[in-house]
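Start counting the sequence shown at 1; every next residue gets the next number (UniProt numbering).
The beta carbon of each residue, even a glycine, is placed where N, CA and C say it ideally should be.
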Amino acid sequence: MSSLPLETIPSVQLDFMNDDHREATLLTNKIYAMVQDAKDNSEFDRAAITETMHAIFVHDQEHFAREEAEMERTGFPAYGCHKGEHERVLAELQEVYQHWQNGMEPETLEKYLTETMTPWFINHINTMDTVTAMFVSRHD
Ligand SMILES: [Fe+2]
Ligand SMILES: [Fe+2]
């Protein structure tokens, strides 16, 4: 997989969610490009990648909180299930972040991005986020 073209991100019925997903995609593509460079350069800047990973973590935390606030406000029935998935992913990201700071190889980070994080992101938007956005927009 190469980086993720923005037009491949599924769109949902709430603009704030689409805007956040777009931002997450730009950050993911940024880190993907940095990891590509790092693979060919043993002197790569680990701290710059760490910084971008941190930005992704913070972005996800804020984005998930925005979705959760809307679910709570509208009484979305599968709130617990959707929130639980957000929590699982934040814990996973945190773990990868720590391994990265402890010397994870760029190839391993690339594998995580392409085989775990990106497929999860697309699938999550296509399922839980799509249903949530539909529910919230009908509620209002
Ligand atoms: Fe989302
Ligand atoms: Fe979500």
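>> What would DSSP say about Gln98, mapped onto helix, strand or coil?
In response: helix
>> So the candidates are Glu105, Thr25, Phe44, Arg138; which of them puts its Cα closest to the Cα of His63?
In response: Thr25
> For Gln13, which three-state DSSP category applies?
Replying inline: coil
> Does DSSP put Val136 in a helix, a strand or coil?
Replying inline: helix
>> According to DSSP, simplified to helix, strand and coil, what is Ala38?
In response: helix
> When we look at the beta-carbon of Met1 and count the other beta-carbons within 10 Å, is it buried (16 or more) or exposed?
Replying inline: Its pLDDT being 45, under 50, Met1 is placed unreliably in this model, and the value from its coordinates should be taken loosely. Classification of Met1: exposed, given that the 10 Å Cβ count is below 16.
> With a cut-off of 8 Å, do at least 3 Cβ pairs link the region 89–106 to the region 11–22?
Replying inline: no
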